[in-house]
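Visitor: Keeping their order, the protein sequence lines are chains A and B.
Here the numbering used here is used: position 148 in the first sequence is 148, and no number is missing along the way.
Here the numbering used here is used: position 123 in the second sequence is 123, and no number is missing along the way.
Built from N, CA and C at the ideal position, the CB exists for glycine as well.
There are 2 protein chains.
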Amino acid sequence: MSANRVGIDLDTSLGYLLKEASSALRASMEAVLRPLGMTITHYSCLELLAQRPGLSNSELARGAFVTRQSMNVLLQALERDGFVTRPAEAAVGKVLPTTLTPRGRRSLEAATAAVRSVEIRMLGGMTDDEQADALRALRSMIHALRDDDGAPPSTPPVE
Amino acid sequence: MSANRVGIDLDTSLGYLLKEASSALRASMEAVLRPLGMTITHYSCLELLAQRPGLSNSELARGAFVTRQSMNVLLQALERDGFVTRPAEAAVGKVLPTTLTPRGRRSLEAATAAVRSVEIRMLGGMTDDEQADALRALRSMIHALRDDDGAPPSTPPVE
DNA sequence: CAGTGTATGTCAAACTACTGACATGAGCGC
DNA sequence: GCGCTCATGTCAGTAGTTTGACATACACTG
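(1) One question on the structure: do leucine 60 of chain B and serine 22 of chain A come within less than 8 Å of each other, judged by their Cβ atoms?
(2) Whose Cβ in chain A lies nearer than 9 Å to the Cβ of valine 115 of chain B?
(3) Can you tell me whether valine 84 of chain B is helix, strand or coil according to DSSP?
(4) What are the boundary residues of the alpha helix (DSSP H) that includes lysine 94 of chain B?
(5) For my contact list, alanine 137 of chain A and aspartate 133 of chain B are in at a C-beta cut-off of 8 Å; report their separation, rounded to the angstrom.
(6) In chain order, what residues of the region 107–139 of chain B put their CB closer than 8 Å to some CB of chain A?
(7) Quick one: using the 10 Å Cβ neighbour count with 16 as the cut-off for buried, is serine 12 of chain B buried or exposed?
(8) Who are leucine 100 of chain A's beta bridge partners in DSSP?
(9) Within 10 angstroms of its Cβ, does serine 70 of chain A collect 16 or more other Cβ (buried), or is it exposed?
(10) Kindly list the residues whose CB is nearer than 8 Å to the CB of valine 32 of chain B, restricted to its own chain and excluding five residues on each side of it in sequence; keep chain order.
(11) Would you be able to state if there are at least three C-beta pairs under 8 Å between the region 42–62 of chain B and the region 90–100 of chain B?
(12) Compare the C-beta of glutamate 89 of chain A against all C-beta atoms of chain B and say whether one is closer than 8 Å.
(13) Taking C-beta pairs closer than 8 Å, name the residues in chain B that leucine 25 of chain A reaches, listed in chain order.
(14) Could you tell me the alpha carbon to alpha carbon distance between phenylalanine 83 of chain A and phenylalanine 65 of chain B, rounded to whole angstroms?
(15) Assign threonine 127 of chain B to one of three DSSP states: helix, strand, or coil.
(16) Along chain B, in chain order, which residues have C-beta atoms closer than 8 Å to that of phenylalanine 65 of chain A?
(17) Measuring CA to CA, which of B:Gly54, B:Arg80, B:Ala110 and B:Val73 is closest to tyrosine 43 of chain B?
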């Protein structure tokens, strides 16, 4: 029950709790998305496209927190199955803006309902104020971790 | 900036923010752990063992939020490299209690310092009250998502 | 204009963690 | 005791993601 002298106290560590919450959310989302034949990244991609049509592969990757290579293979599958469309050639640069097809939109609708139910359950025991506090706290953590990577001396950017 | 009518508003979605924060934390931890030749699961396993010596493979897996299969291959590597020890045969059931070796403890020390620096930076702009609020909020979300996985018998995916 | 730096799309290989499956052992009710 | 259930450790196979590498295209600076 009580913490040791050494190490980080897991019961009061925001980092550990954050990982635990994220893991629980991930498991719940996978559970409701699986019957629909979707993964979380799959759903995230569609949701991103619904809100910001025309997003590029790299932008989608950043929004879904995966590498652009991962998003690329996903996009190819989604295009092959008719959920999204991309122009064969870039109009201006190399960027290929992606848009949802009607089929993609329909597919997203069911997924959104499922995901919303998870979020509802997650927010179940929290007041609006608590939710606002949590939002603020998460934004603060995200901002604090942005850039300035861990080791100033010799840590070239990943990749 | 403003959300559409359809879908989930990403800018105010606790789920999305949670994923973003978790992703940022993961990246920062990987960055500081990489020079030490450790992965996050690797470190988590050692930290768990330092606080609760004798944990079994399955218990470690739950604590590190991976499957027991994943933890098993990690433990085999850690044992091979002399960071942990497990009895060759179970004393009572099938459970093999794992303990840190002196080498494992030394290795953990450096990692803990690195991880602590990340957590410090993450908590940088937050007051103690805000941290307490965040802790409460995360615990609430975790509790709400526990068990009752996505689809109870009487809740087929909506539509 | 050439040169540099940054960002993109894409291919390929390597890896990580997962799902599926099996045998074993403990706990429980009958 | 016997059968049932659950948890554990472990062995595969598999899906998703990452790292590595390359060619291309824009923006900036000299």
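Guide: Let's see:
(1) no
(2) Ile8 and Gly15
(3) strand
(4) First-last for lysine 94 of chain B: undefined, no H or E at that position.
(5) 6 Å
(6) Leu108, Glu109, Thr112, Ala114, Val115, Arg116, Ser117, Val118, Glu119, Arg121, Met122, Leu123, Gly124, Gly125, Met126, Glu130, Gln131, Asp133, Ala134, Leu135, Arg136, Ala137, Leu138 and Arg139
(7) This sequence places threonine at residue 12 of chain B; serine is not what is there. Exposed, because fewer than 16 other Cβ atoms sit within 10 Å of the Cβ of threonine 12 of chain B.
(8) A:Val84
(9) exposed
(10) Ala114, Val115, Ser117 and Val118
(11) yes
(12) no
(13) Gly15, Leu18, Lys19, Met141 and Leu145
(14) 32 Å
(15) coil
(16) Lys19, Glu20 and Ser23
(17) B:Ala110
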